[in-house]
Amino acid sequence: MVSHKSRLIQKINSNLSTYGSCSSDFDLNPDMLFDQKSNFLEASVLIPVLTFKEDLEILLTKRSVNLRDHPGQIAFPGGKKEQCDNNPMETALREAEEEIGLKTSHVKVISSLPTHKTATGFTIKPYIGLVREPFKKTLQWGEVDEVFTVPFDHILDEKNFTIQRRKWNGAERRYYIVPFGPYYIWGATARILMNLSQALN
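Residues in the sequence shown are numbered from 1 upward in steps of one, following full-length UniProt numbering.
Have a look at this one:
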């Protein structure tokens, strides 16, 4: 009998990049003038799926509270495209190694998700990578304060996702959240996780 874990890996291994369409922070906030914004910067993130655990877990980071942009927020390893990157996947893998010490040799990228555009001006391409063995976590000083994991099954349960509101740039903004324990996962990270959940359900 195929285990729940094996079935999940098989699903993830399919071409999730064709699921649905690109998402954005503007989906819930059409008054944010999405169509008038054209100077989006390219960025990529890695969604590391730990397969060496008894059940699948997703690794996330907590950004440094001292950062100028998005301090203390929960994020995937990733960042802006650099000149040394030949493609978006290289960006995601390079950033993961720089931020948390996850070497490319430890990751097997098996799929991707549609891009997500943020209100802060980025087009993010998410890549899903299987991490089959433990690795020595080396956090980038001044960038990452903490690394933690979330059970994959927590993400698969769409009841864990809700919409909240807050003031941003003088107007009310709506956004997704998917909290886990003490971690408040929201914004683009929560939206990308919701895309992953919907693609697999």
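Ideal Cβ placement from N, Cα and C applies to all residues, glycine included.
| Asked | Found |
| --- | --- |
| Any idea if H4 is buried or exposed, counting beta-carbon neighbours within 10 angstroms, 16 or more meaning buried? | exposed |
| Might you give, ordered along the chain, the residues of its own chain that have their beta carbon closer than 8 Å to the beta carbon of E95, omitting 5 neighbours on each side? | S44, V45, L46, P77, G78 and G79 |
| Taking Cβ to Cβ, would you say N195 is nearer than 7 Å to L93? | no |
| Helix or strand or just coil, what does DSSP make of K53? | coil |
| Between the stretch 133-145 and the stretch 157-177, do at least 3 Cβ pairs fall closer than 8 Å? | no |
| Go ahead and pull the three-state DSSP assignment for D85. | coil |
| Please return the same chain residues whose Cβ sits closer than 8 Å to the Cβ of G20, not counting the five positions on each side in sequence. | P114, N195, Q198 and A199 |
| Could you pull the start and end residues of the alpha helix (DSSP H) that D153 belongs to? | F152 to L156 |
| Going by beta-carbon coordinates alone, are N13 and I110 separated by less than 7 Å? | yes |
| How far does the alpha helix (DSSP H) with K11 in it reach, from first residue to last? | H4 to I12 |
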